[in-house]
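In our numbering, the protein residues as written are 290 to 586.
Worksheet for the structure shown next.
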């Protein structure tokens, strides 16, 4: 598989008029000397005048919707739909990234990549085929200038990427794949010996080895194929030849973690649940819960 051609095809999306204008505006910003912090809010502090801050604000607005975050650029606070630090802080007690080569598959705009660097990862490589998320990352990197690589590729390209990783994060991806066992094998192919995958998925909180296959959508998300029980998820991992399956945490998604802000267009969790019973989705399925697992070779 020619990954260079695949990446170039994705990067061509940046050549359309809207994306090219945004990219041009990012490149035209001054090179600020930034003091950065990779805490709950990924932040950068720098000297900028009022006109420059307005330019930065307009670029950030043009990059909506901001799903993952938050980010703070001086006093400009990008209040993303997801308070992503809730998920990361849930996981951080279960992971040791010091000196490791790490991948984030489905990295979105890079929020988790910055958090991984903050925990001492040797290198972090993100994979995501979205042109919008790539532009958001380029915008953030103008200030953060972190040792992070964004590859405009999907999980299906991992077996051909060449490099392998000690830890792979794959958060909120598997239910978007029509063949979850193949996806797990693709992750496995990119692990170093003794490597591990940190995986999360929405799950059905019931006993048994089965998966929900929503007819039209789940929580108004159309590209969800399977929502497994934990038993079914464990079976998928076993069939993909992972030897160890460890449940780290479970959590129901709530209105504090995911909510509508001025930095997204459209709806959020409150619109995805049954207004008379928040334990059900708008379609009548069990409301989203997430399980976080560590699987290893």
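All residues carry an ideal CB built from backbone N, CA and C; glycine is no exception.
Note that the coordinates shown come from a computational prediction; the quantities given were computed from them, not determined experimentally.
- Between the beta-carbon of residue 445 and that of residue 475 there is about 6 Å, and that keeps the pair under the 8 Å contact cut.
- Between the alpha carbons of residue 519 and residue 441 lies a distance of about 31 Å.
- Residue 485 counts as buried, since at least 16 other C-beta atoms from the protein chains shown sit within 10 angstroms of its C-beta.
- Beyond the five residues adjoining it in sequence on each side, residue 363 comes within less than 7 Å, by CB distance, of 334, 335, 337, 342 in the same chain, given in chain order.
- In summary, residue 300 is exposed, with fewer than 16 beta-carbon neighbours lying within 10 Å of its beta-carbon over all protein chains present.
- Assignment of beta-bridge partners to residue 393 by DSSP yields 415, 458.
- Note that the C-beta distance between residue 369 and residue 382 is not below 7 Å.
- Taking the Cα positions, residue 304 is about 49 Å away from residue 497.
- Here residue 387 is exposed. Its C-beta has fewer than 16 other C-beta atoms within 10 Å.
- Within the DSSP secondary-structure output, residue 486 pairs in a beta bridge with 457, 584.
- The C-beta separation of residue 532 from residue 578 comes to about 26 Å, leaving the pair out of contact by the 8 Å criterion.
- In this chain, the alpha helix (DSSP H) harbouring residue 294 covers 292 to 300.
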